[in-house]
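Here the structure comes first, spelled out in structure tokens, and everything after it is commentary.
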Amino acid sequence: YLRVVPLSVYITATHCIYAVRQAVGLKHYRPNELPVVIRTLWDFAPNDAEGWTLKNLKDGRVKNINFVPLGAAACGTDEQFKSYIAMIKVAEGIAE
11 YLRVVPLSVY
21 ITATHCIYAV
31 RQAVGLKHYR
41 PNELPVVIRT
51 LWDFAPNDAE
61 GWTLKNLKDG
71 RVKNINFVPL
81 GAAACGTDEQ
91 FKSYIAMIKV
101 AEGIAE
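For reference, each letter of the sequence shown is one residue, going 11 to 106 in this note's numbering.
Next comes the structure, spelled out in structure tokens:
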């Protein structure tokens, strides 16, 4: 049984990861840090997530892909975004 995940889900996840890493000063990805599904997206979008977005995403749409939240909004609520920031600080050993 193969489950297909919409590309919009990958894009949303990528934006959340990018926003969280940027919020704590981690500008670059190391490929092995990303979930397999996100690494798969990189086959479609180069490592420059921000540049790829600016080029291909207009008003949250990529061609026929439905609207996706951008930046921190991709993580859900403000509380969720803050909790992800706290988790990545612990994982990366970043002091408060």
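Where a beta carbon is used, it is the ideal one built from N, C-alpha and C, also for glycine.
Using 9 angstroms as the threshold, is the C-beta distance between residue i and residue j below it?
i	j	result
V3	C85	Because the chain is modelled from 11 through 106, residue 3 falls outside the range shown and cannot be assessed.
L36	E106	no
What first and last residue would you give for the alpha helix (DSSP H) that runs through residue i?
i	result
A84	Unbroken run through A84: none, as it is neither H nor E.
L80	L80 -> no alpha helix (DSSP H), and no H or E assigned at all.
I27	L17 to A33
Compare the C-beta of residue i with all C-beta atoms of chain B and state if any pair is closer than 9 angstroms.
i	result
I95	Chain labels in this structure do not include chain B; a single protein chain is all it has.
Problem - At least 3 beta-carbon pairs within less than 8 angstroms: the stretch 90–104 vs the stretch 15–25 - result: Verdict: no, contact absent.
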